[in-house]
Structure formats: structure tokens, C-alpha cells
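Down below is the structure, laid out as C-alpha cells.
There are 2 protein chains.
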Amino acid sequence: MKPISFTIEKKMPGQKALGRAGTITTPHGDIKTPAFVTVGTKATVKALTPEMVADLGAQVVLANTYHLYLEPGDELVRDAGGFAKFMNWKGPTMTDSGGFQVFSLGVAFGSKVGKLSKVPQEVVTGEEVEKEDEAGKLAKIDEDGVTFKSYKDGSVHRFTPERSMEIQHNLGADMFFAFDECTSPMAPYEYQKEAMERTHRWAKRSLDAHKHLETRRPSGENRQALLGVVQGGRHRDLREESARVLGAMDFDGYGIGGSFDKDDMTTAVGWVNAILPENKPRHLLGIGEPEDLFGGVENGCDLFDCVAPTRMGRNGTLHTRDGKINIRNAKFTRDFTPVDSECDCYTCKNYTRAYISHLFRSNEMLAGTLGSIHNLRFLVTLVDQMREAILDDTFDTLKTDFLARYYKK
Amino acid sequence: MKPISFTIEKKMPGQKALGRAGTITTPHGDIKTPAFVTVGTKATVKALTPEMVADLGAQVVLANTYHLYLEPGDELVRDAGGFAKFMNWKGPTMTDSGGFQVFSLGVAFGSKVGKLSKVPQEVVTGEEVEKEDEAGKLAKIDEDGVTFKSYKDGSVHRFTPERSMEIQHNLGADMFFAFDECTSPMAPYEYQKEAMERTHRWAKRSLDAHKHLETRRPSGENRQALLGVVQGGRHRDLREESARVLGAMDFDGYGIGGSFDKDDMTTAVGWVNAILPENKPRHLLGIGEPEDLFGGVENGCDLFDCVAPTRMGRNGTLHTRDGKINIRNAKFTRDFTPVDSECDCYTCKNYTRAYISHLFRSNEMLAGTLGSIHNLRFLVTLVDQMREAILDDTFDTLKTDFLARYYKK
Chain A
208 MKPISFTIEK KMPGQKALGR AGTITTPHGD IKTPAFVTVG TKATVKALTP EMVADLGAQV
268 VLANTYHLYL EPGDELVRDA GGFAKFMNWK GPTMTDSGGF QVFSLGVAFG SKVGKLSKVP
328 QEVVTGEEVE KEDEAGKLAK IDEDGVTFKS YKDGSVHRFT PERSMEIQHN LGADMFFAFD
388 ECTSPMAPYE YQKEAMERTH RWAKRSLDAH KHLETRRPSG ENRQALLGVV QGGRHRDLRE
448 ESARVLGAMD FDGYGIGGSF DKDDMTTAVG WVNAILPENK PRHLLGIGEP EDLFGGVENG
508 CDLFDCVAPT RMGRNGTLHT RDGKINIRNA KFTRDFTPVD SECDCYTCKN YTRAYISHLF
568 RSNEMLAGTL GSIHNLRFLV TLVDQMREAI LDDTFDTLKT DFLARYYKK
Chain U
208 MKPISFTIEK KMPGQKALGR AGTITTPHGD IKTPAFVTVG TKATVKALTP EMVADLGAQV
268 VLANTYHLYL EPGDELVRDA GGFAKFMNWK GPTMTDSGGF QVFSLGVAFG SKVGKLSKVP
328 QEVVTGEEVE KEDEAGKLAK IDEDGVTFKS YKDGSVHRFT PERSMEIQHN LGADMFFAFD
388 ECTSPMAPYE YQKEAMERTH RWAKRSLDAH KHLETRRPSG ENRQALLGVV QGGRHRDLRE
448 ESARVLGAMD FDGYGIGGSF DKDDMTTAVG WVNAILPENK PRHLLGIGEP EDLFGGVENG
508 CDLFDCVAPT RMGRNGTLHT RDGKINIRNA KFTRDFTPVD SECDCYTCKN YTRAYISHLF
568 RSNEMLAGTL GSIHNLRFLV TLVDQMREAI LDDTFDTLKT DFLARYYKK
């Protein structure tokens, strides 16, 4: 028996349409898809209790392998009963492969290309910063794996596909990802191809290591589902090849990773999903902008995750049906209306823009809590509405109306 | 009809015993006393939602007049419907007079004594720091009031008794305090006497200003209860004089303010409460150490407030029945037991020391939330137990057992 199952309830109309509404069944409950997955980087959704996360309608929490490996360590998390039990989250869980953070946050070193010029450091500062290794060499990748330095203390670590599987088994999520190399969209075609082919070999090794670890699992313990990660950058031939190669492997589902040029993303996702097996769930990694969510859903993605709503929520940038607002703006100091009068979240039901503005100006911790609840509820609800719209055949209307109002275009 | 009423349910036995259990009835509900009051400095109990505050058993929230006056301003809070509505707290509320912060946090200036050498800056840094005005002159006090500089931007402000009343009417708490001068325990006797006498004149002016403001209150709006603040430092004759003078005025209750030498405090509180009218509630301002709470309760105090539990909770110092622990200590990283196995708080029911230790080491916002919930629940429960013990005639046993275990003495 498989650790998860996926049922498609309805497909969008049209012969080539890819979008679908479905249900993923996990050992910790069902996920109605498409769904927005909440990020709990270090086994905590920043500034929120698990009850708040559940109350705002989030169905799944995704933790970051790289972060939990470094702190408090995956063996400690295993001994605590897995990251879900550690953080007191009762629902379905995921972990990522660690690949993205190793290549972006990890101050990797050695030979090879300078992979990423833009390094997200959200855990440290809540901000994106430009950062480069002194030698301009950021990654030491070899056929076997990746060597990198901790963002915390510069200590040297090494991930291989086998190690990533071992760590993710220790973290114990219901769904987790094969170890992949996440390339920069600036990398040349030849490098993208080389990295993708290595990712495919790592995918095979991840699958083998996972199957081996499953044979050692104590009876009675829930099995974990492994998702392969499609790469290939912005290139159609590579993306399609990656989807074919990984689609033929025995994964329980798929992630679509890597950076895209913003305008290419929806198209590239369509290339991939036209090839991936229809009956397995697909997770578009790291996407949380409303128009991208619409593009991902109509192109056949079932799951999405992104730190943007919580990061923005802690900084005072809040979603409204009429676009984003910065709640620190002077015009909100005496605005006694909710952040979004059409929103049903805890923040909007109980607090005014004036109060939230006051909390942000005063650097009160509750500010980040209320902002994160609102932004997460906004995106969770938006993707839930897309699901309902697929079921009701009203997706195009929802998309047109929402985008016109949100982006004023 | 009075804005609040106070009923004594039971007195501790013995002719000179002062301790009592009672009920304060306010327009927003009853307070079973003795009770520990939660501090919500800027109309937020730091790191907690109002639901968390209610769930941990807190009956009352006290906000700081000085802070709300500076940010976001008392008129804005008035227009928001008062600080309780602004912050979505449904229960009884208090504000302090602003006096303590003006003399400690406010970088006051001009002539007169350098009042306090130790300036709490908890709002800014969560730490106590040593701080003195360049000229070593920290307070400009005259018969009419006090001029001080904002801790935020150095702008100059002035509080008088009339202004404090006006501000506290704008903030709209159920109970609030007369404007007083808070002296340092280092100040000489002559200055303590002078300051106390001025505080008595300010008390009369506060009462007059309050009564005048009440005549202008719109019908249907709840009236507010004014509490006089007893001063007099560590000197018995001054404390007793202050209790006599203020006790004869038409206040709805009393605060006991000022700094005490730690060893003197319980004794000084007893001097005061032997004189204050028995049928009005008494609030011991700024006290939150367990042994001081026992001393305050058995010497006739009904209410206590202190920022210590939340400040400590944000710093990782947590109460247990066996004394305080620093959860960042290495020995807790693999401790999968609750902070205090006898505690029934949300934190102890759902999380381990290992998890909370991880959150503090990772600087996660949830750390401060879980720490504050636990510490507040600990003190609220402790004072609730004192109440039950008064009702059951078991106060001495509770006190002896608790202190022996907590302080290991």
C-alpha cells in the first residue's frame, strides 16, 4: 500500500486543460487540492501557534530540511517523534530536500560556478540581501553531492542524496522530496543541462535510499511519500526531458523546482505537467504571488508553498482584494476599518488597520502574528476558491475578476 | 452608584491579620481577589493575543498611560473606543497614572534631584540598563506637574494631575490611578516627605479633575473608578501619613506605589493597609516575585501587576515549582518533558523543554509567546491558589510549602 493516495475529483474543461481539483490522502488527514501549503521553516510557522495555523484553514505544514538539520539537528527531531509532534502540528506535513537552501542560504564554497547572485536569508533578517562568497565561488558540487558552509557558523557540511533521505526520514514528514540541484535562471544552457542530468541521477539514488530506509522502518510506523523534483531551468527541451525521466520513476508525486523568469513560469509549468503522470500530485515549489498561483493551478499544479505571506506579514505588507498595502503608511493610523473588509480571518474580524499600524510602529510582536494570520488566510482562501471554481466551472471568471481588482489591470 | 464595588468574602484569621479574599465588580466583569493583573503596556500583552490572555486565566489587563500617550496617542485610543476595544480585550481594565514611567523611562531634565539611577527600558530592549541624562538631572518637577522628554524622540511633554486624568479618561479603563510622584528609595527622608506631600496635593487635584470629567461623560457610558496612590518610601511615619491622608479622600480604591527596599516591602505594605479603609480594593504596584506576592497578599493587598513574567518569558527565564530555569541552558536541548510537569498552561500541555529551547536558540517569535503564557499562568495560578487558601484557612501551609520548594530554603 502506498503512503499517500491522490484522487482527481474534477478536471478543467478542454482537451489540453491541465488544471484539476482533487484529494491527497495522507496518514495525517486529507488535503483538498489545489492547496496552499504553510511554511514552518524550523518546525514553527513564524509567529503563529499550530492552532492559529489550523484555524486559518491551512491543511499542510512544510518544514525546511536544511534548517532543521543545522538546528536543532535531525536526530534530535527524530527522538522528539518527528517535526510534526515536536511542533504540535496534527495535520499532514512535508519537508523539502534541502537543495534550495544549500545552494542559496548555505555559504557553499570551492570550485564551479557562482550559482546565485540573490541569496534569500529570510530566517536571519526577514529580508533578501545580496551576498557573495569572497572568492565568488559559491558551490562545491560533485557527482556524489554538495559541500557547503552553515549560514549560522560557517561550519562545513555535506549533503548527498542518501544523506538527504536519511535526514528527511528522521524529520518524519508525510511527504518529502528527492535531493536536487537548484540552478539559477542566469546559468547557461549547458550548465542547466549538466545540473539537470545530475539531478536525475540523484533522484534515482534518492529513491533507492528511501526504499532501503523503508525496509528498516519499525512496523506500525507510518510510511513516507517521496516526491521527485523536476528541474531544467527555463528551457523547454530540458523541462520536458526532466518530466519524462522523473515521470518514469516510481515517485509518489512530483515537485517542480528551480527558478523561472517570471514571465516564463506558467508556460514552463504547463510543459512539465503535460508530461508528468496525471494521477500523482504536483507541488510547485516556492510560489506565492496571486497571479502565479492562478497560473500554477490552471497548468495542473496541486500544491504551492512560499514564505512570502509570513515574511510580508511580519514586515507589514498585507494582501487585500484591492492589492497589497503597507500598514505602516501614515494614512492607516486613524483607519478604524479592518485590513480587508471582505476577509474572514481572525485579524480582520477583531482588529482595525489603526491598531495593527500601531503594533507595527511600536515593534510589538503581535504585529507579526496578526499580519501573518491575515496574509496566510488570504492565500489559503484564494487557492481554496480556485478549487471551488474548478468544481463549479467558474475558474476563468474568478481569475479575471480577482486579477483585475488585485492588480488594477 | 459607584463605578466599581468591592466585597470581602473572607478575612485571614487573627485580630491583626490583613489578608482577605474578595470580589471587585466592574462594568466589564468581576475580579476574584487577590488577583495577578496582566500588563499590556501599549494596549497589547506582549507576544499574546487577548484570547491567550483570557485562556491563561488573567482577569484584568493594565495598560501604561505614559506609553499610550506617546504612541499612538490617547485621543486616537479614545476615538477607537478606549484601549480595551482597541486591543480587543473583553474583560476589566486598568491604566496606571504615568507617574512611574515619567520618572523612570522619561528622560526628564532641568533642576531638582537625579531621581533614579536605574532606568527600566523594557519596551525598547527588554532589558534593564543604566542610563543618566548628560547633565545628571533627570526630573523637572514643580508644584503644578512634571516636564519630561519622550524616550522615543526626546520631544518635550508635560503631565499634571489634570492632564493625567484627561488622558486616562481618554484611555477609558475601568480603574485608573491618581497622578503621583514616584521617588527612588535612595532619595533622602526630607525629599521623600516633600514628594509625598506634593503627591497628596496632586491626589486631591486628580480627584477634582476626575469628578469634573465625569460630569461631562455622555449618558450610558461606563463610569471609571479612580484609585489614589500611597507613597512615602521606606519610612513608617510617611507611609502611615500617606495612608491616612489618602484614605480620607473619596477614592474608589488605592494603589501602593514607590520603590521599597526588598526586605522592607512586606512590612511597609502592612503599615499602609492597617490604615487604608478596609472596604476598598488595594493594588500593590509593580510586584511579581513569588515571595513578594505572598507578603503582599497576607498584608492585605488585593491586586498585583508586574512586567517581570512577560519580560522573563521573552528572555527564556521560566518559573517552575522548583524555582526559575533558563530554558536556553544546554541541559534542556534534549529534555522532552514540559517546562513544569505540574503546570496546566497551554505551553506545558503541548510542548517540551527541548522544543522551547530550540525556539529560543533560533530566535523564533513563538518562543516569547510560549514563555510568556507559561510565566503568566504560573503567577496567575499562584495568586489564585492564595485566594483559595485564604478561603480554606490553609494560607500558611501553602506559603511554607511553596517557598521552601521554589527558593530551596
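Note that the protein sequences, when read in sequence, are chains A and U.
To convert, note that position 40 of the first sequence is 247 in our numbering; the numbers rise steadily by one, no gaps.
To convert, note that position 208 of the second sequence is 415 in our numbering; the numbers rise steadily by one, no gaps.
Each residue gets a CB set at the ideal place from its N, CA and C atoms; glycine is no exception.
query                                                                                                                               : result
CA-to-CA distance, A:Gln592 to A:Glu505, given in whole angstroms                                                                   : 13 Å
Own chain residues within Cβ distance below 6 Å of A:Phe501, not counting five before or after                                      : Lys606
Within chain A, partners of U:Tyr558 - CB distance below 7 Å                                                                        : Asn295
Where A:Phe543 sits in the DSSP three-state scheme                                                                                  : coil
Beta strand (DSSP E) segment containing A:Tyr461, residue limits                                                                    : Gly460 to Ile463
Boundaries (first-last residue) of the alpha helix (DSSP H) holding A:Asp608                                                        : Phe602 to Tyr614
8 Å CB neighbourhood of A:Leu598 in its chain, flanking five on each side removed                                                   : Glu216, Lys217 and Ala228
Counterpart residues of U:Leu573 in DSSP-defined beta bridges                                                                       : U:Leu573 pairs with nothing; no bridge assigned.
A:Lys487 versus A:Glu373: straight-line alpha-carbon distance, rounded                                                              : 23 Å
Chain D contact for A:Pro516 (CB, 7 Å cutoff)                                                                                       : The structure shown has no chain D; the protein chains it does contain are A and U.
N- and C-terminal bounds of the beta strand (DSSP E) containing U:Met301                                                            : Thr300 to Thr302
Neighbourhood of A:Trp478 by C-beta, 6 Å cutoff - its chain only, sequence neighbours within 5 removed                              : Arg443, Arg446 and Glu447
Per-residue burial, U:His581 [other beta carbons within 10 Å of its own, 16 or more giving buried]                                  : buried
Where U:Lys239 sits in the DSSP three-state scheme                                                                                  : strand
Closer than 6 Å: A:Thr604 CB and nearest the ligand ATP heavy atom                                                                  : Among the ligands in the structure shown, none appear at all, so the ligand ATP cannot be discussed.
Partner residues on chain U for A:Gly575, Cβ-Cβ distance less than 8 Å                                                              : Met572
U:Glu329 at chain A interface by Cβ criterion, 7 Å                                                                                  : Any reading at U:Glu329 must be qualified, since the residue scores a pLDDT of 32, below 50, and its modelled position is unreliable; the value itself is stated next. Cβ-Cβ to chain A under 7 Å: no for U:Glu329.
Alpha carbon of U:Gly578 to alpha carbon of A:Asn522, nearest angstrom                                                              : 23 Å
Residues of its chain near A:Phe384, where Cβ-Cβ distance is below 6 Å and the 5 sequence neighbours each way are ignored           : Asp303, Ser304, Leu434, Val436 and Gly462
Contact with chain A by U:His565, beta-carbon distance below 7 Å                                                                    : yes
Contacts around A:Val284, its chain only, beta-carbon distance under 8 Å, and the 5 residues preceding and following it disregarded : Ala250, Leu275, Phe290, Phe293, Asn377, Leu378 and Gly379
Proximal chain U residues relative to A:Ser569, where beta-carbon distance stays under 7 Å                                          : Lys249 and Glu278
Under 7 Å by beta carbon: chain U residues contacting A:Lys253                                                                      : Glu571 and Met572
Length of the line joining the Cα atoms of A:Lys209 and A:His417                                                                    : 13 Å
Contacts of U:Arg541 in chain A (Cβ-Cβ under 8 Å)                                                                                   : Leu283 and Asp286
Rounded straight-line distance, which links the Cα of U:Glu549 to that of U:Arg528                                                  : 8 Å
contact_flag[the region 235 to 250 of chain U, the region 525 to 539 of chain A] where n(CB pairs < 8 Å) is 3 or more               : no
Spatial distance of A:Asp459 from A:Gly306 (CA atoms)                                                                               : 19 Å
Buried or exposed (CB count within 10 angstroms, at least 16 for buried), U:Ala611                                                  : exposed
Rounded separation between U:Asn480 and U:Arg584 - CA only                                                                          : 27 Å
is_contact[A:Tyr358, chain U] using C-beta, thresh 7 Å                                                                              : no
U:His417 in three-state terms, based on DSSP                                                                                        : helix
CB contact below 7 Å: A:Tyr562 versus chain U                                                                                       : yes
Beta bridge counterpart(s) of U:Thr527 as assigned by DSSP                                                                          : U:Gly530
Start and end residues, alpha helix (DSSP H) containing U:Gly306                                                                    : Gly306 to Ser311
Neighbouring residues, chain U, relative to A:Thr272 (Cβ below 7 Å)                                                                 : Chain U residues near A:Thr272: none, gap ~15 Å exceeds 7 Å.
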